[in-house]
Amino acid sequence: MTNPRLSRRALLGSLSAGVAAPLILNLLAIEDAAAQSAGASADYRALVCVFLQGGNDSNNLLLATDPGSFAQYWTARFAGAEPIAIMPPGTPPVPIGQVSSVTKRTVTTPDMPEHWGGALPIAVATPQPVPAANKVQGGPDTRSFALHPMLSGVQGLFAAGRAAAIANVGTLLAPLTKAQYLAPTAAAPVPQRLFSHADQQSAWQSGQVDGSATGWGGLMADTFQAANPAPAFQAITTAGNTAFLSGVSTRSFRVNYASDKASAQTITLAAQKGRYNQSDSFLDEFRLNLQEASLGFTQSSDMVMDYAEGVGRSIGGATTFDTALGAAGGPYTSVPKPPAFTDPISGKVAVNPLAGQLEAVVQTAAAHAALGVGRQVFFVQLGGFDTHDGENPRQGLLMAQLDHALAYLDQALTAAGLSDKLTAFTASDFNRTFTTNGDGTDHAWGGHHLIVGGAVKGGDVYGTYPTLGVDKAASGATPAFANPDAAGAAFIPTTSVETYLATMATWMGVTDAQLPGVFPRLAAFPVRNLGFMRS
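Every position in the sequence shown, counted from 1, becomes a number in our numbering once 14 is added.
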């Protein structure tokens, strides 16, 4: 049943009750954009935060595969009812029904790591020494690295120099050694609520460990006003409201997307001219009702009238975004659709929600000039990483989705001529325990992340990959193993979130003078720039 006309009473009731507030905010933002729209800077740049919600087990994303390191990894993870250890590099996939020569197990399901084959080796430009505790007699002096076997597309980006990894990143208040962790002081404090999803998501997204009403992406966007004549479109989310994009003056603009079974994605907007309650002319009807509603009110209704009139004016700019992205022959039309995604566990073609979000991102970035922005910050999200149990099938699928989406992003950016203009990076609540709990992992701390884009100094692992091994020195176990980089089964970060993010903020054009306003704790760390971005 259609709703051809909203009643004046119902309309004003919804406005006064705040029911339409989310729509109104987007409409007002669009009106501002329409009024200020101008050609964007030729030096367009954008960042995309790919948030892996739930705490990704990045011990299986980036592996150290030198003999001593991998031996410790294998001991910790090839254990329990459903071992979660990835096979050594070079191990061929084992077909279902056959026995693995490595584990001696019969492969019975497609979610067994033996079926996926070995970790995918990557060559790195900067050698990292093998830590003393991971050295083996006659072994190499430098580490070797590999990726999860589902990350073949990312492996190709590493080889092409358009992807890099950052090792052992986490929330910190100041640099922290193991001794300081065990006996914290005012000068070397330990962050609070380390293993809490909500608190650590806030810490990663706000750039401040204790959480904040503003996020580092939004604060960064606050510094872009000169480059953004239409700031309404400088902070874009496909994943709902997020602290990441909240600034002092910056509000995030939400882009929704809908997917079909063929993985074709269509951008839709809450403020887009289109269908509402099955009405094809919602905004026209809305405008007419507002005009009618503004007549005949008394002075006591001025606030309602002003609000209604303001909304009515804002609707005049509501098609700005839609027009920029939908113009025939417009730049966004060069963005290809994501290729079909096959679920590696079920073997069926399935929708990859992350690829759909990244399609919306690239379409929006391709229309940046029409939107009047020279700098943009995006937030996308993939959930399901809280793998306390059933890790093999769950993370196997998630890694395949991440790989498919990042490989597609690279393809789409190239097609749109934006390869060196947009950089994507991963973030997550925290890493997971180095040990297995039987068929999964629990909450931990420092973890490893990916950076993708043509402006990345790719083919390298930045930061310091930790010593591997379960810290048993305090447990009385024999033989004792003292891991200087771990607290139990969690790695103590050697790179702060602030340093990781500030490196990309600098590439975006945030000046040294502006950095402390975005990252108030950055001065506590000796390094401001990890060097993984080109100038």
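We put the beta carbon where it would ideally sit given N, CA and C, even for glycine. Just so it is clear, the structure is predicted and the values come from calculations on it, not from any experiment.
If residue i sits next to residue j, beta carbons under 8 angstroms apart, how far is it from one beta carbon to the other, in whole angstroms?
i: Asp155; j: Ile359; result: Rounded, the Cβ-Cβ distance is 39 angstroms, inconsistent with contact.
i: Asp417; j: Met101; result: Wrong, their Cβ atoms sit about 17 angstroms apart, outside the cutoff.
i: Ala374; j: Thr252; result: 6 angstroms
Are residue i and residue j touching if we call contact CB-CB under 8 angstroms?
i: Leu233; j: Ala249; result: no
i: Ser470; j: Thr440; result: Sequence inspection shows Val at residue 470; the Ser mentioned does not correspond to that position. No, the Cβ-Cβ distance between Val470 and Thr440 is not below 8 angstroms.
i: Pro352; j: Tyr422; result: yes
i: Phe448; j: Val484; result: yes
i: Ala160; j: Pro103; result: yes
i: Leu368; j: Leu339; result: no
i: Ala244; j: Gly386; result: yes
i: Asn73; j: Asn445; result: yes
i: Thr228; j: Phe393; result: no
i: Met547; j: Thr525; result: no
i: Asp443; j: His211; result: yes
i: Met522; j: Arg91; result: no
i: Asn190; j: Ala200; result: A small correction: the amino acid at residue 190 is Leu; Asn does not occupy that position in the sequence shown. No. Outside cutoff.
i: Ser166; j: Thr79; result: no
i: Gly261; j: Val511; result: no
i: Lys118; j: Ile506; result: no
What residues in its chain sit with their C-beta under 8 angstroms from that of residue i, if we drop five residues either side in the sequence?
i: Asp453; result: Gly94, Ala95, Glu96, Ile98, Asp403, Gly404, Glu405 and Asn406
i: Gly361; result: Pro124
i: Ala173; result: Ile136, Ala137 and Gly473
i: Thr478; result: Gln142, Ala181, Asn182, Thr508 and Thr509
i: Asp357; result: Val363, Ala364, Leu411 and Ala414
i: Pro81; result: Val150, Gly153 and Pro154
i: Gln528; result: Thr237
i: Gln112; result: Thr120 and Val121
i: Val116; result: Met101, Pro102, Thr105 and Glu128
i: Ser226; result: Ser216, Ser220 and Ala257
Only counting the same chain, and skipping five residues up and downstream in sequence, which positions put a Cβ closer than 6 angstroms to that of residue i?
i: Tyr87; result: Leu482
i: Val349; result: Val376, Gln377, Ala380, Ala426 and Ala430
i: Ile110; result: Val121
i: Phe495; result: Gly483 and Lys486
i: Ala538; result: Ala188
i: Gly324; result: Reliability fails at Gly324, whose pLDDT of 46 lies under 50, so the model's placement of it is uncertain and no value is given.
i: Gly132; result: Met101, Pro102, Pro103, Gly104 and Thr105
i: Glu549; result: Going by the sequence as given, residue 549 is Ser instead of Glu. So no residue of the chain qualifies.
i: Ser263; result: Asp236
i: His162; result: Asn74, Leu75 and Met413
Could you check the C-alpha separation between residue i and residue j for me, to the nearest Å?
i: Asp57; j: Gly388; result: 7 angstroms
i: Asp213; j: Asn70; result: 16 angstroms
i: Gln194; j: Phe84; result: 28 angstroms
i: Val344; j: Leu515; result: Residue identity differs from the one stated: residue 344 is Gly in this sequence, not Val. Between Gly344 and Leu515, the C-alpha separation is close to 32 angstroms.
i: Leu544; j: Thr513; result: 7 angstroms
i: Thr105; j: Gln151; result: 24 angstroms
i: Leu75; j: Asp499; result: 19 angstroms
i: Val532; j: Trp230; result: 6 angstroms
i: Val204; j: Gln169; result: 35 angstroms
i: Gln219; j: Ser433; result: 25 angstroms
i: Thr140; j: Pro480; result: 16 angstroms
i: Tyr346; j: Thr450; result: 45 angstroms
i: Leu196; j: Ala501; result: 8 angstroms
i: Arg207; j: Phe65; result: 19 angstroms
i: Leu61; j: Trp130; result: 32 angstroms
i: His463; j: Asn242; result: 29 angstroms
i: Asp400; j: Gly461; result: 14 angstroms
i: Leu171; j: Gln215; result: 28 angstroms
i: Ser277; j: Gln371; result: With a pLDDT of 33 at Ser277, under the threshold of 50, the predicted position of this residue should be treated as unreliable, though the coordinate-derived value follows. Near 11 angstroms, if we compare the C-alpha coordinates of Gln371 and Ser277.
i: Thr428; j: Lys435; result: 10 angstroms
i: Gly254; j: Cys63; result: 13 angstroms
i: Val144; j: Phe335; result: 52 angstroms
i: Asn148; j: Arg535; result: 33 angstroms
i: Phe355; j: Asn366; result: 6 angstroms
i: Tyr476; j: Leu77; result: 14 angstroms
i: Pro198; j: Thr89; result: 31 angstroms
i: Thr337; j: Phe209; result: 45 angstroms
Leaving out five residues on either side along the sequence, give the residues of the same chain with a beta carbon under 7 angstroms from the beta carbon of residue i.
i: Arg176; result: Asp424, Val466, Gly467, Gly468, Val470 and Gly472
i: Ala504; result: Thr447, Ala458 and Trp459
i: Val541; result: Thr513
i: Ala43; result: Residue confidence for Ala43 is low, a pLDDT of 44 falling below 50, so the modelled location carries little weight; the figure read from the coordinates is stated next. Once the five neighbours on either side are set aside, the close Cβ partners of Ala43 are Ala246, Arg265 and Phe267.
i: Gly398; result: Gly68, Arg408 and Leu412
i: Ser114; result: Val108, Val121 and Glu128
i: Ala519; result: Met234, Leu529 and Val532
If you scan the region 76-148 from start to end, which runs of the alpha helix (DSSP H) of 4 or more residues do you find wholly inside it? 81-91 and 127-130
Every unbroken beta strand (DSSP E) inside the region 389-432 [3 residues or more]: 389-396
Mind pulling the alpha helix (DSSP H) runs of 4 or more residues that sit fully within the region 445-479? none
Of all the beta strand (DSSP E) runs that stay within the bounds of the region 183-254, which reach a length of 3 or more residues? 249-251
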